[in-house]
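As given, the protein sequences belong to chains V and F, one line each in that order.
According to our numbering, the residues represented by the first sequence are 20 to 497, in order.
According to our numbering, the residues represented by the second sequence are 150 to 534, in order.
For glycine and all other residues, C-beta sits at the position ideal for the given N, C-alpha and C.
The structure displayed is predicted, hence computed values, not measured ones.
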Amino acid sequence: MDSGFLRALEQVVGPEGLTTDSTRRRAYECDGLALVRRVPDLVLAPLDTSQARECMRLLREEGLAVIPRGAGTGLAGGATPHEGGVVFKTSRMRRVLEVSERDRFARVEAGVVNVDLTSACSHHGLRYAPDPSSQQACTIGGNVANNSGGPHCFRYGATTRSILGLTVITAEGEVMELGGPEPDPEGLDLVGCFVGCEGMLGVATEVTCRLIPAPETTETLLALFPSLDGACEAVTELIAENLEPSAIEILDRLTIEAVEASVLAAGYPDEADAVLLIDIDGLAEEVRATAQDVGEIARAHGAFEIRTATDAKERARLWAGRKGAFGAMGRIAPDLYVADVVVPRTKLKEVVLATTEICQARGLKLSNVFHAGDGNLHPNISYDRRDEVEVARVLEAGTEIMKACVAVGGSLSGEHGIGLEKRDEMHRVFSEADLDAMLRVRAAWDPDERMNPGKAIPVRGCMEIKTKPLPVPSGGSS
Amino acid sequence: MSSLAERLGPLRGRIPGVEAELPLAVPESEEALVELVNEARVGGLRLLPIGSGSRLGGAYGAQADLLVSTRALTGVVAYEPGDGTVTALAGTRMSELASAVLAGGHRLTPDVPRPEEATLGGVIADGFSGSDRLRFGPTRHHVLGMRVLSSDGEVTKTGGRLVKNVTGFELHRLYAGSGGGLCLILEASLRLFAAPAARACATFTCDSLEAALAISEHLGAPPLEPTAVSLSLGDGAWALTATLDGREERVTRERALVDERVPGAAWCAGAEADSLHATCRDDSPREGAVPSLRISARPSRARDVIEVLLRHSPEAALQAQPLVGTVEAVPGSRADLDALCADLRGLGASVRLRGAAEQGARPTNPLEQRLKAAVDPHDLFCGRP
């Protein structure tokens, strides 16, 4: 890169905000989707909105592609610089700018870590609802880009329902204030349009988040089932009966074994083939009544024991096991393919069975831990990326799982996003015209398509690309 | 006027602020609607998409050649109680939809005024959120997906029928609240919530705004979570109504909490509470030729907003959701609307003047202009958010 250009950037962000060294750049060659890697040409880490705007203006002059990145915990390759370009990292912007107890919102910089936001507002009796499993590391800005979920989305909705306003910098270097603490924006809902854009419309540098009061009572139940089928059936009936817990999660036996063998051992029982982990929030009387109904439905579908967390410590331990489950899978194999698909909640059992058959047919090791209440499945396939044949089987299984979901009215992603991983599968749910509509909206924000190019929306006019599998791992290039 | 407009028959409609009556098309099928849009585009006509036409204040003065209503496209497309979602055609009346999902144990959100008039597509395009917004959030949060008709005459899909889904851009968020200015909504899917097993309403009559807002603060403090808290002014007194609903156990406990915090409420329950809740909901100002305002501000500024409104227009009719921060109002005929809007914006409120033209209104931001040009390149649809 031109040295004058680099000097200009350094004047904006300082030496600590600029990574040119090839070894250090290698840390940004992928996100949580380790199958695709490419070392970026440069990594920029502005400290605030002002620096971010100046950087973006300089990048525009050079016509460089911009790959926004939070903590890099995404699992779909949304932050992978697969066509080169500049990684635009927001993780140095981590100030909590304002917490309003009265109006129940917080304004934070995009690099604030999810769990830190809840910590910052907990002494006001408030919390931030979206809680992805990676919440100890993922950033609010990354959550906005991916419209991230988490177990408690079941009741409180995905990130989009918790975002009131944004400061966004476009590829042109414009700073836009979208929405705000007022309940309704004037004009179009640009905040709603931006959330979940996977970095393709701009970079959010500040976020106004809706906060909710901490509940009076939370009860955590663990229902033990002799089969995964029974657990799925119970969830479908819980939904049909209109019970409204705040989270409904399923863990299968392999997941339980992995968690219990890890440092996150949560006390999950080894005699169950599946467990339902359920949180119920609300007024004490309401929680008690709902817990009783939940227990009855679980028993009717074969649950042989219902345990209730006795205190906050036990509750925290049960949830730490759930949220750490993906990490615990490292005991099974060196790599984990975390699929993320979503189905109507009446189809849970059917699709879980199909998923099992797909993996069995390919000799793959499957475990399940998922947001059952939302119909959001995470079939996890353990593998070794050094084995190219196994990698090919994993990718094939991933595609077959997506097909099975779409066939019953489901979709490609419940919370991880499309990124690179599923980009070329988008035609399974959207027509050419649907995708063109997305591209038109994108062009209004980013006419030169420099923001995170090559993600989420397939390149069309070439049928071959629709069936091309993800590239087999390469060493990357610089 | 082109032959298309001449062929449409005797139906006529009127846009507030526009003298002339306009031809009103009510296509009875999606195919007929597509054909109409294509003909209009070729003929250089501009369309104003409407539902039943019950809230056209936002289209004041719109320069349309033709009104196009989706009210004949009716019916529930998919409702599986176990999925907790419903999909219906745009012209389906909200009351019909609410009845359909109630049979499966669900409540329809938003709970809009006069649901027997309002259509699903109209409500979503208008962006109006119902009386239950305090507990469930704005309408735009419940829209899971849509099928829409573009000015190119193409039918496209965004989102889906799933409660959780991040597949593709959420264009439905852009279309919801766009006032029919970007596309024509054909069908939409909504997330549903559990129908309440019990309901109780508490009413308070106060002689000052300050006293009414103090009560509303008590009603909104955790762990209370009312479904609605509505404030209105009539005959010099402030009436505050809180709707509590949900499981029996919840309503019983919430009633006790309200009595503990704010003694003196007049209570009703069951059918009487349903009726009172519906009355409060339906008392929302009608929109049309008479100027009205939709004001949105931080809840902490509700008092300032209402005071400014009444200072400019002491005779204003208003209905507020103070814990949400929204106020709907019909100012008196002598109010200086431009000055009123400017003062409200000075408080940081967002203001939408309906049924009148506003001098000095917020200029459309350049991104919105680009989006309009990108999504409706023929400038066929003349609605606005």
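Measuring only between beta-carbons, confirm whether residue i sits less than 8 Å from chain F.
{"i": "V/Ile-437", "result": "yes"}
{"i": "V/Ser-153", "result": "no"}
{"i": "V/Pro-488", "result": "Note that V/Pro-488 scores a pLDDT of 46, beneath 50, so its modelled location is shaky; the value from the coordinates is reported in the next line. Cβ-Cβ to chain F under 8 Å: no for V/Pro-488."}
{"i": "V/Arg-501", "result": "Because chain V is modelled from 20 through 497, residue 501 of chain V falls outside the range shown and cannot be assessed."}
{"i": "V/Gly-495", "result": "Confidence at V/Gly-495 is low in this model, with a pLDDT of 37, below 50, so its placement is unreliable and the value that follows should be read with caution. Not one chain F Cβ lies under 8 Å of V/Gly-495."}
{"i": "V/Ile-258", "result": "yes"}
{"i": "V/Asn-471", "result": "no"}
{"i": "V/Pro-477", "result": "no"}
{"i": "V/Leu-77", "result": "no"}
{"i": "V/Met-421", "result": "no"}
{"i": "V/Gly-144", "result": "yes"}
{"i": "V/Pro-34", "result": "no"}
{"i": "V/Asn-162", "result": "no"}
{"i": "V/Pro-492", "result": "Residue placement at V/Pro-492 is poorly supported in this model, since its pLDDT is 42, which falls under 50; the coordinates are not used for a value here."}
{"i": "V/Lys-485", "result": "Bear in mind that the predicted position of V/Lys-485 carries a pLDDT of just 39, short of 50, making it unreliable; the figure below should be weighed with that in mind. No, V/Lys-485 lies away from the interface with chain F (no Cβ there is under 8 Å from its Cβ)."}
{"i": "V/Asn-261", "result": "yes"}
What does residue i pair with, by DSSP beta-bridge criteria?
{"i": "V/Tyr-356", "result": "V/Ile-400"}
{"i": "F/Met-295", "result": "F/Thr-307 and F/Ala-337"}
{"i": "F/Glu-477", "result": "F/Arg-443 and F/Gln-468"}
{"i": "F/Leu-389", "result": "F/Phe-353 and F/Leu-380"}
{"i": "V/Ala-125", "result": "V/Val-118 and V/Cys-228"}
{"i": "F/Pro-172", "result": "F/Arg-161"}
{"i": "F/Ala-343", "result": "F/His-255"}
{"i": "V/Ile-269", "result": "V/Leu-295 and V/Phe-389"}
{"i": "V/Phe-244", "result": "V/Ala-293"}
{"i": "F/Phe-530", "result": "F/Leu-196"}
{"i": "V/Val-187", "result": "V/Met-195 and V/Ala-223"}
{"i": "F/Tyr-324", "result": "Partner(s): none; F/Tyr-324 has no beta bridge."}
So residue i packs on residue j, CB below 8 Å; how close in whole Å?
{"i": "V/Cys-228", "j": "V/Phe-124", "result": "6 Å"}
{"i": "V/Met-75", "j": "V/Lys-474", "result": "About 18 Å separates the two Cβ atoms, so there is no contact after all."}
{"i": "V/Gly-130", "j": "V/Thr-92", "result": "No, V/Gly-130 and V/Thr-92 are not in contact; Cβ-Cβ is about 13 Å, not under 8 Å."}
{"i": "F/Leu-197", "j": "F/Leu-323", "result": "Actually they are not in contact, since the Cβ atoms of F/Leu-197 and F/Leu-323 sit about 19 Å apart, beyond 8 Å."}
{"i": "V/Gly-89", "j": "F/Glu-319", "result": "That pair is no contact at about 19 Å."}
{"i": "V/Gly-417", "j": "V/Tyr-356", "result": "6 Å"}
{"i": "F/Gly-202", "j": "F/Ala-506", "result": "With 8 Å as the limit, F/Gly-202 and F/Ala-506 do not qualify as a contact, their Cβ atoms being about 19 Å apart."}
{"i": "V/Val-105", "j": "V/Leu-83", "result": "5 Å"}
{"i": "V/Gly-160", "j": "V/Val-226", "result": "7 Å"}
{"i": "F/Ala-247", "j": "F/Leu-238", "result": "Incorrect: roughly 15 Å between the Cβ atoms, too far for contact."}
If you measure from the beta carbon of residue i to each beta carbon in chain V, is any gap under 8 Å?
{"i": "F/Gln-311", "result": "Sequence inspection shows Leu at residue 311 of chain F; the Gln mentioned does not correspond to that position. For F/Leu-311, the answer is yes, since a Cβ of chain V falls inside 8 Å of its Cβ."}
{"i": "F/Thr-376", "result": "no"}
{"i": "F/Ala-351", "result": "no"}
{"i": "F/His-367", "result": "no"}
{"i": "F/Met-150", "result": "For F/Met-150, the predicted structure reports a pLDDT of 47, less than 50, and the residue's modelled location is therefore unreliable. A value from the coordinates is still provided. No, its Cβ sits nowhere closer than 8 Å to a Cβ of chain V."}
{"i": "F/Arg-404", "result": "no"}
{"i": "F/Val-186", "result": "no"}
{"i": "F/Gly-207", "result": "no"}
{"i": "F/Val-473", "result": "yes"}
{"i": "F/His-255", "result": "yes"}
{"i": "F/Arg-501", "result": "yes"}
{"i": "F/Val-411", "result": "no"}
{"i": "F/Glu-398", "result": "yes"}
**Asked** Three or more C-beta pairs closer than 8 Å, one from the region 412-419 of chain F and one from the region 430-438 of chain F: is that the case here?
**Response** Flag = no, the region 412-419 of chain F and the region 430-438 of chain F do not touch.
- Indicate whether the contact test is met: 3 or more Cβ pairs, each with one atom in the region 116-127 of chain V and one in the region 91-99 of chain V, closer than 8 Å. no
key: Sufficient close CB pairs (3 or more, under 8 Å) joining the region 272-281 of chain V to the region 343-361 of chain V   = yes
- Task: Anything in the region 314-343 of chain F with a Cβ closer than 7 Å to a Cβ of chain V? List those residues in chain order, please.
- Result: Here the close residues are Asn-314, Val-315, Thr-316, Gly-317, Phe-318, Glu-319, Leu-320, Arg-322, Leu-323, Ala-325, Gly-326, Ser-327 and Ala-343.
**Members of the region 210-241 of chain F that neighbour chain V once the beta carbon cut-off is set at 7 Å** = Glu-229, Pro-230, Gly-231, Asp-232 and Gly-233
query: Quick one: any contact between the region 415-431 of chain V and the region 40-56 of chain V, if contact means 3 or more CB pairs under 8 Å?
result: no
Quiz item: At a Cβ cut of 8 Å, what residues of the region 434-453 of chain F count as close to chain V, listed as they run along the chain?
Solution: Arg-443, Ser-445, Ala-446, Arg-447, Pro-448 and Ser-449
Review point. Below 8 Å, can you find three or more Cβ-Cβ pairs linking the region 290-304 of chain V to the region 237-245 of chain V?
Key: yes
Inset, instruction - Identify each residue in the region 302-317 of chain V for which the Cβ-Cβ distance to at least one residue of chain F is less than 8 Å, and report them in chain order. - result: Leu-302, Ala-303, Glu-304, Glu-305, Arg-307, Ala-308 and Thr-309
Under 7 Å (Cβ pairs) to chain V, residues found in the region 263-275 of chain F = none
query: In the region 404-431 of chain V, which residues sit with their C-beta less than 8 Å from some C-beta in chain F, listed in chain order?
result: Gly-428, Gly-429, Ser-430 and Leu-431
Beta carbons nearer than 9 Å to chain F: which residues of the region 196-210 of chain V have them? For the region 196-210 of chain V, the set of positions with a beta-carbon nearer than 9 Å to some beta-carbon of chain F reads Leu-197, Gly-199, Pro-200, Glu-201, Pro-202, Asp-203, Pro-204, Glu-205, Gly-206, Leu-207, Asp-208, Leu-209 and Val-210 in chain order.
> Just checking, does the region 168-177 of chain F make contact with the region 215-231 of chain F on the three C-beta pairs under 8 Å criterion?
Replying inline: Contact between the region 168-177 of chain F and the region 215-231 of chain F is present, because at least three Cβ pairs lie under 8 Å.
Next item on the list: Please confirm if the region 203-214 of chain V is in contact with the region 497-516 of chain F, defined as three or more CB-CB distances below 8 Å between the two stretches.
Entry: Three or more Cβ pairs closer than 8 Å define a contact, and the region 203-214 of chain V meets that threshold against the region 497-516 of chain F.
TODO: Determine contact between the region 406-413 of chain V and the region 183-191 of chain V, defined as no fewer than three beta-carbon pairs at a distance below 8 Å.
DONE: no
Query raised in the report: Can at least three beta-carbon pairs, one atom from the region 283-298 of chain F and one from the region 455-462 of chain F, be found at a separation below 8 Å?
Result: no
| field | Near-chain F residues of the region 175-186 of chain V - C-beta to any C-beta below 8 Å | value | Gly-176, Ala-177, Thr-179 and Arg-180
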